[in-house]
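Residue numbers (my numbering), protein chains in the order written: chain A, 1 to 173; chain B, 1001 to 1247.
Quick reminder that beta carbons are idealized off the backbone N, C-alpha and C, glycines included.
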């Protein structure tokens, strides 16, 4: 029981900021965001023994809890998940959409990161625009460690793009 | 910024993959991090005071760039609690000992002098009755305990005992006193003499005390100080003289 509690604490410590950020961008309200985050991690604890990919599970769960939140708030069971998670990627067409999908796959591919914590670090700095200092405090690293790891990840991603046939990144831009 | 990092940033911006979070929201998230976890743990029934302290250590370490695991944080908290408890206990014990010192127990000379005489107490004659001079002259003897040495060799204490015994015999008579170390001649004693020889700097201090066996009260005590080079024998003689005057 204690090891499960410790595991939850450590997962929470690493993933809380990305979950918080993902919910806040949808909900827009800090207090509601905290409530949703609390619900997500309570559900994670209840299923922790069965969860294999924590990151994937958390992002799926937070979508569900956010949807429940909107349905409850609008008192409308007909709220659609697509309405809530309106994917801006749909505005891209043809080659741009394909490139975006490939890039998203690259960002989701765990082999481009040293470990799960590295992936969280990248999300915070590159996606959520966290400063190196702020990301460091969440992850128990120093600012220099965060900067170093981020550069390492960026190099790995560029090598991944090259392996997918994109020899010059400027072509993507 | 490193060129690889810059390129990735541009790619993310170009394909609208970013989800920027305002700086004050970032700070808010970090400020509420531990509190939210406490709320989660309480709602699942996994919160305890000690675990709460360990969480403080866990998050404080992260804030300064040290990535402790929860197990390590628990160990650190446990060690800190043990040190604090030991220090607090030591402080309390010291305070009690300093402000409420234990009273001195009866001196061993008195006890050891009294113990062998317990069986003869019923035959003792009160020193008060004797001094009253009521016409009765009970036979009593003075019992002398060997003097103890305080910071001196045993030979000095033995010498003082012998000299005082010798002088008292001269003053009071042979049958008046007995040495209590000689168990074959305990007899009846009404008064015991205890004493010590100590050395302070260059001086010997000879201390002697008369104790009424029946009551345990001190009858008389005296001391003489003599330099190391001085006349130790005369000092013992003076002590014996004073004792004799008060017997």
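{"query": "Select from B:1016, B:1177, B:1050 the residue whose C-alpha is nearest the C-alpha of residue 1165 (chain B).", "result": "B:1177"}
{"query": "Does any residue of chain B bring its CB to less than 8 Å from the CB of residue 62 (chain A)?", "result": "no"}
{"query": "When the Cβ atoms of the segment 1020-1028 of chain B are set against those of the segment 125-132 of chain A, are three or more pairs found closer than 8 Å?", "result": "yes"}
{"query": "On the three-pair Cβ rule with 8 Å, is the segment 1196-1208 of chain B touching the segment 1143-1163 of chain B?", "result": "yes"}
{"query": "Spell out whether any CB of chain B is found under 8 Å from the CB atom of residue 128 (chain A).", "result": "yes"}
{"query": "Could you tell me how far apart the beta carbons of residue 1209 (chain B) and residue 1195 (chain B) are, in whole angstroms, since I believe they sit closer than 8 Å?", "result": "6 Å"}
{"query": "Does the distance from the C-beta atom of residue 1242 (chain B) to that of residue 1215 (chain B) stay below 8 Å?", "result": "no"}
{"query": "If the cut is a Cβ gap below 7 Å, which residues of chain A does residue 1026 (chain B) touch?", "result": "130, 134"}
{"query": "Below 8 Å between beta carbons is the criterion; list the residues of the segment 18-43 of chain A that meet it against any residue of chain B, in chain order.", "result": "20, 21, 22, 24, 25, 30, 34, 37, 38, 41, 42"}
{"query": "Could you give the residue range of the alpha helix (DSSP H) that holds residue 176 (chain A)?", "result": "Absent from the structure is residue 176 (chain A), since the part of chain A shown begins at 1 and ends at 173."}
{"query": "Using a Cβ-Cβ cutoff of less than 7 Å, which residues in the same chain neighbour residue 143 (chain A) once the five nearest sequence positions on both sides are dropped?", "result": "132, 133, 136"}
{"query": "Cα-Cα, which of A:26, A:25, A:8 is closest to residue 1037 (chain B)?", "result": "A:8"}
{"query": "At 7 Å on the CB atoms, spell out the chain A contacts of residue 1101 (chain B), in chain order.", "result": "Neighbours of residue 1101 (chain B) on chain A: none; closest Cβ ~46 Å, over 7 Å."}
{"query": "Counting only Cβ pairs nearer than 7 Å, list the residues of chain B close to residue 100 (chain A).", "result": "1015"}
{"query": "Using a threshold of 8 Å, state whether the C-beta atoms of residue 1012 (chain B) and residue 1018 (chain B) are closer than that.", "result": "yes"}
{"query": "Strictly under 8 Å for the Cβ-Cβ distance: is residue 1067 (chain B) near chain A by that measure?", "result": "yes"}
{"query": "Answer yes or no: do residue 18 (chain A) and residue 124 (chain A) have a C-beta to C-beta separation smaller than 8 Å?", "result": "yes"}
{"query": "Using only the alpha-carbon positions, how far apart do residue 969 (chain B) and residue 1100 (chain B) sit?", "result": "Summary: the structure shown does not reach residue 969 (chain B), with chain B confined to residues 1001 through 1247, and so no result is reported for it."}
{"query": "So who's on the other strand from residue 1150 (chain B), going by DSSP bridges?", "result": "B:1198"}
{"query": "Is it the case that the Cβ atoms of residue 1059 (chain B) and residue 1070 (chain B) are separated by a distance below 8 Å?", "result": "no"}
{"query": "Give the interface partners of residue 1049 (chain B) over in chain A, defined as CB-CB distance under 9 Å, in chain order.", "result": "Correct list: empty, because the minimum Cβ distance to chain A is about 14 Å."}
{"query": "So residue 64 (chain A) and residue 44 (chain A) are supposed to be a Cβ contact under 8 Å. How far apart are they, rounded?", "result": "No, residue 64 (chain A) and residue 44 (chain A) are not in contact; Cβ-Cβ is about 12 Å, not under 8 Å."}
{"query": "Between the alpha carbons of residue 1136 (chain B) and residue 1230 (chain B), how many angstroms are there, rounded?", "result": "Interpretation of residue 1136 (chain B) is limited by its pLDDT of 45, a score under 50 that renders its predicted location unreliable; no figure is taken from the coordinates."}
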